[in-house]
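Take a look at the structure set out below.
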Amino acid sequence: MHGAELIHAHPFWALWLIPALPLLGAAVNGIFGLKLYRAFGPRVNHTIAIVLPSISFVIAVTAFIQLAGLDEHARALRHTLFPFLHLGLLDADLSFWMDPLSGVMTLVVTLVGTLIHVYSVGYMHGDPSYWRFFAYLNLFMASMLTLVLGDNFLVMFIGWEGVGLCSYLLIAFWYQEKPNAVAGMKAFIVNRVGDFGFVMAMALLFWGLAGDYSGRLFVSDDGYRTGYYEAATVQELEQSLLAHQAKVGFREPQRVPPTSLRFDAVRARVEQEAAQWKADSPSAKQFMGVALVTLICLFLFLGATGKSAQIPLYVWLPDAMAGPTPVSALIHAATMVTAGVYMVARCNFLFSLSPVAMTVVALVGALTALYAATIGLFQYDIKKVLAYSTVSQLGYMFIGVGVGAYWAGIYHLTTHAVFKALLFLGSGSVILGCHHVQDMRKMGGLKKYMPLTHWTYWFACIAITTAPVFIVSNGFFSKDEILWKAFDAQHLLIPGWIIWLIGFVGASLTAFYMWRSYYMTFTGEYRGGHDSHGHGAPDDHGHHGGAPHESPRTMTWVLVTLAVLIIPTAALGFWPLLHIEPLFEHWLHPVVGKAMASLSWRSAVENVFTLEAGLAAASVAISLGGWLTARALYKDAKSAIPERLLASPNPLLRAPHTLIYNKYFVDEAYDWLVVRRTRQLAHILYWIDQKIIDGLVNLMGFLGRLVSAIDGLIDALVVDGLVNGVANSFAFVGRKLRQIQTGRIQSYLAGAIVGALLLVLVNFFLMVD
Amino acid sequence: MSLGLPHFLTVSALLFALGFFTVLTRKNAVAILMGVEIIINAANLNFVAFARYGAFANTLAGNVIPVFGIMVAAAEAAVGLAIVLSIFHNWRSIDTEVITSLRE
Chain A
667 MHGAELIHAH PFWALWLIPA LPLLGAAVNG IFGLKLYRAF GPRVNHTIAI VLPSISFVIA
727 VTAFIQLAGL DEHARALRHT LFPFLHLGLL DADLSFWMDP LSGVMTLVVT LVGTLIHVYS
787 VGYMHGDPSY WRFFAYLNLF MASMLTLVLG DNFLVMFIGW EGVGLCSYLL IAFWYQEKPN
847 AVAGMKAFIV NRVGDFGFVM AMALLFWGLA GDYSGRLFVS DDGYRTGYYE AATVQELEQS
907 LLAHQAKVGF REPQRVPPTS LRFDAVRARV EQEAAQWKAD SPSAKQFMGV ALVTLICLFL
967 FLGATGKSAQ IPLYVWLPDA MAGPTPVSAL IHAATMVTAG VYMVARCNFL FSLSPVAMTV
1027 VALVGALTAL YAATIGLFQY DIKKVLAYST VSQLGYMFIG VGVGAYWAGI YHLTTHAVFK
1087 ALLFLGSGSV ILGCHHVQDM RKMGGLKKYM PLTHWTYWFA CIAITTAPVF IVSNGFFSKD
1147 EILWKAFDAQ HLLIPGWIIW LIGFVGASLT AFYMWRSYYM TFTGEYRGGH DSHGHGAPDD
1207 HGHHGGAPHE SPRTMTWVLV TLAVLIIPTA ALGFWPLLHI EPLFEHWLHP VVGKAMASLS
1267 WRSAVENVFT LEAGLAAASV AISLGGWLTA RALYKDAKSA IPERLLASPN PLLRAPHTLI
1327 YNKYFVDEAY DWLVVRRTRQ LAHILYWIDQ KIIDGLVNLM GFLGRLVSAI DGLIDALVVD
1387 GLVNGVANSF AFVGRKLRQI QTGRIQSYLA GAIVGALLLV LVNFFLMVD
Chain B
3 MSLGLPHFLT VSALLFALGF FTVLTRKNAV AILMGVEIII NAANLNFVAF ARYGAFANTL
63 AGNVIPVFGI MVAAAEAAVG LAIVLSIFHN WRSIDTEVIT SLRE
């Protein structure tokens, strides 16, 4: 009897309402939206769409409070709706659970999501597809909450696909314009590559849990509850499962088979059989010579790169800015793109077993962070700057979860959700105020016209650039903790300081491009002129021209709320350097503590206080450097240096700008390498289809016709010949016989008499004999 | 040589043959009726001859039947002539070559 205890989860029936309510809102607005819009105006549409997620938020807060009141070792809530897949050893219910990790995510999603719904009321005002927008947005909330709250891989995957769908629908929301539709398709297809990774990972995981099992599984009558072990073969286990289910039904929450895909069950199993799962243990399960857990983690990470826009699948996210700005804020900055980070943190018990996978995650994250930051340097579209900034910040989150500092990754996710949503909503406010101009070269001086937007944007810039105004800089705590943990890690295949250095350089670039966007947008003189219109823009709001103006109150109110939220989220991470355990780390300890403790950290063996403080100071210094550079170059558009550099006759000076401005030509390279090759393949396949497949089909058709022609001949000649021959012979006999019937009375009489005489003769001869 | 049954039968057979020949060869329906009369008389002669020389000679039956036969022949002639008249009425002819509506 070994103990592999599941966390005892408390029932909390309202958990399922959290994703269900937005789903209801999506259904109402999606089915009756147009009728409601026509009957009662847009007010009904957005009331439904805002109230239902707000209720979800209230339920989430209630659940969170109850969760916080539980004992740390049993800190989980669960509600099972109904059995979803029970096939053989596969075990997955449609069931939701909230542990500290998903609790944080649920709060972020419901809070930021609801706020952005409110903001959309102003931003989407007067859009002809108003109701459709809110239906999609609610559907997204439902999918994202399913993803976050799902208690097993399959339910998570449902949400995973759902958010992908909503992302596609919302990017291509103004689908009448071809670029928007193309951007939607691009996002969908690139995400599909990632989804393939997720499915493969699930299949490999299940295979590892059950499929290859040649020995004996162990399960007791009580499942995991009392330590689950008793000898059983796979067949015996199936039998006992069926018997048990027949006895207590599917709703028994505490009992799961060892092959369950539930997160806590997988975790218990993997921890129990660490020798078989740990990638560097000699008896590790392998698949084609690679440790199984490494493969699972790499495939999971492939899924994460698709969803969270990391190298090499990041290309869809900048194009996704074609969608309405609230969508960019909610889906493509705050929530959906962080699903990959959440998933890696959720599977921390798997990732921490494989140094290879962790190194790959951290390295890809670091490279993405630096690479996307460099692209952000020279973009002029304000939303593009923020898009590349998002890709870059997601890279930092992956550094966090990759080096094993799961709580820091999730913490950065949370802070990023707040400040990046704020930045995006601020940019949306700017875009609306400047009549749908997104080019920062045509902005400038907006400080005067849009004071609230200006101040909130400034706050968010402080937050993201790790500026030294600590109390309002939630990004400082999260990013600095990530970088420190990268430096601190000793379990990666490469030295941690390489990851740290890449992230460190990226941080300076972050400061530069964020302050550049701030100075270009808000300082100096307004460059847009007073005739810049939104004519023909699909989201035309009907107000054209004139000076920039502050946005309606529904929007600024949301901006202020988010700006205020920066401070409490900063407090959550305050401040590891003072040897205070941050609240956030403490909160996530039940989920990730064991995995983090299993890794080797430099700080665990030596006193590193001065090093850590030094690195933090260096971070502050370099981000200040970025800030000051941007200030010198772009404040009030006074400096002539940027123009001089751009107009420089020396091609070597211009080359980096050209390369970066064109995003390293990666889109072109993908177009050449993937899209064109796919088209060529399609042409070849078309030829094969036309010539070879169709040829074969036609040959078969010809053969069929030949056989049937022969058969037809046989039918016509032999069978019909026989039938007609019989009929013809009878007709012939009839024709001959009818000639006897002359109608002459004498001939009949002669026949009768001759017959009679014949009879007489016959009789006579018979008598003679 | 005294007269015997064979003589009568021979005459009767000749009469029958003549009547039958008449029936077969005449085209005139009235002539055919005449032939039929001759045949009936040939039969009557046979009855009478057997009544005189046959196995049950001198019984009454052999003599009664010819009387009955003559009577039937009279009736038959009347009916036959009526039919012939009716045929003539329809076809304006009593030529059996013409009246062939029984054909096919």
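Read top to bottom, the protein sequences are chains A and B. Following the numbering used here, the numbering of the first sequence begins with 667 at its first residue and continues without gaps. Following the numbering used here, the numbering of the second sequence begins with 3 at its first residue and continues without gaps. Using N, Cα and C, we set each Cβ at its ideal position, and we do this for glycine too. Keep in mind it's a predicted model, so treat the numbers as computed, not measured.
query, result
"E1147 of chain A classed as buried or exposed, judged by whether at least 16 other C-beta atoms fall within 10 angstroms", "buried"
"Euclidean distance between Cα positions of A986 of chain A and A849 of chain A", "6 Å"
"Residues that L1427 of chain A contacts on chain B, provided the C-beta gap is smaller than 7 Å", "By Cβ distance, chain B contributes nothing, its closest Cβ being about 15 Å from L1427 of chain A, past 7 Å."
"Residues that Y952 of chain A bridges to, as DSSP identifies them", "Reading off the sequence shown, one finds Gln at residue 952 of chain A, where the question assumed Tyr. Q952 of chain A is bridged to A:A957."
"C-beta neighbour in chain A for E39 of chain B, strict 9 Å", "no"
"Inter-residue spacing [alpha-carbon to alpha-carbon] between V993 of chain A and I782 of chain A", "8 Å"
"Where the alpha helix (DSSP H) containing P984 of chain A begins and where it ends", "982-985"
"Sequence-distant residues of the same chain with beta carbon closer than 6 Å to S95 of chain B, five excluded per side", "none"
"Cutoff 9 Å: R1437 of chain A Cβ touching any chain B Cβ", "An answer regarding residue 1437 of chain A cannot be provided, because it is not within the stretch 667 to 1435 covered by chain A."
"Alpha-carbon spacing of W1163 of chain A relative to L1091 of chain A, whole angstroms", "35 Å"
"CB contact below 9 Å: L1424 of chain A versus chain B", "no"
"Proximity of R1268 of chain A and A1155 of chain A at Cβ, strictly below 9 Å", "yes"
"Secondary structure of P919 of chain A, DSSP reduced to three states", "Low confidence applies to P919 of chain A: its pLDDT is 45, below 50, so where it sits in the model is not reliable, and the reading given next is rough at best. Of the three classes helix, strand and coil, the one that applies to P919 of chain A here is coil, per DSSP."
"Contact list for the segment 8-30 of chain B against chain A, Cβ threshold 9 Å", "F22, V25, L26, T27, R28, K29"
"N1014 of chain A beta carbon less than 9 Å from that of V1258 of chain A", "yes"
"N- and C-terminal bounds of the alpha helix (DSSP H) containing L761 of chain A", "The sequence shown places Ser at residue 761 of chain A, rather than the Leu named in the question. Segment 756-764 is the beta strand (DSSP E) holding S761 of chain A; no alpha helix (DSSP H) there."
"Start-end ranges of the alpha helix (DSSP H) lying completely within the segment 782-847 of chain A, minimum 4 residues", "796-815, 819-837"
"Neighbourhood of S880 of chain A by C-beta, 6 Å cutoff - its chain only, sequence neighbours within 5 removed", "Low per-residue confidence applies at S880 of chain A: pLDDT is 41, beneath 50, and the placement is therefore not dependable enough to give any value."
"9 Å Cβ cutoff, G1421 of chain A in contact with chain B", "no"
"Candidates A:K1357, A:P1248, A:L983: closest to A999 of chain A by CA position", "A:L983"
"Reduced DSSP category for T746 of chain A - H, G, I as helix; E, B as strand; rest coil", "strand"
"Alpha helix (DSSP H) segment containing Q1059 of chain A, residue limits", "1048-1069"
"Paired residues, beta bridge with A1155 of chain A - DSSP", "A:W1267"
"According to DSSP, residues forming a beta bridge with H9 of chain B", "DSSP lists no partner for H9 of chain B."
"Whole-angstrom distance between V1010 of chain A and M1063 of chain A, CA atom to CA atom", "10 Å"
"Rounded straight-line distance, which links the Cα of W1166 of chain A to that of F1153 of chain A", "5 Å"
"Residue-chain proximity (A1416 of chain A, chain B), Cβ-Cβ < 9 Å", "yes"
"Beta-carbon spacing of A876 of chain A, P924 of chain A below 9 Å", "yes"
"As assigned by DSSP and simplified to three states, the class of P688 of chain A", "helix"
"Collapsed DSSP secondary structure at T1344 of chain A in the structure displayed", "helix"
"Cutoff 9 Å: I1376 of chain A Cβ touching any chain B Cβ", "no"
"Cβ distance (whole Å) where P1021 of chain A is taken to contact A1129 of chain A below 8 Å", "Between A1129 of chain A and P1021 of chain A the Cβ distance is about 33 Å, and since that is not below 8 Å, they are no contact."
"Pair within 9 Å by beta-carbon distance, L820 of chain A and F750 of chain A", "yes"
"Within chain A, partners of S103 of chain B - CB distance below 9 Å", "G1409"
"Cβ distance (whole Å) where T1344 of chain A is taken to contact T1235 of chain A below 8 Å", "Going by Cβ atoms, the distance from T1344 of chain A to T1235 of chain A rounds to 43 Å, so no, they are not a contact pair."
"Between the CA atoms of V1286 of chain A and I1232 of chain A - distance to the nearest angstrom", "18 Å"
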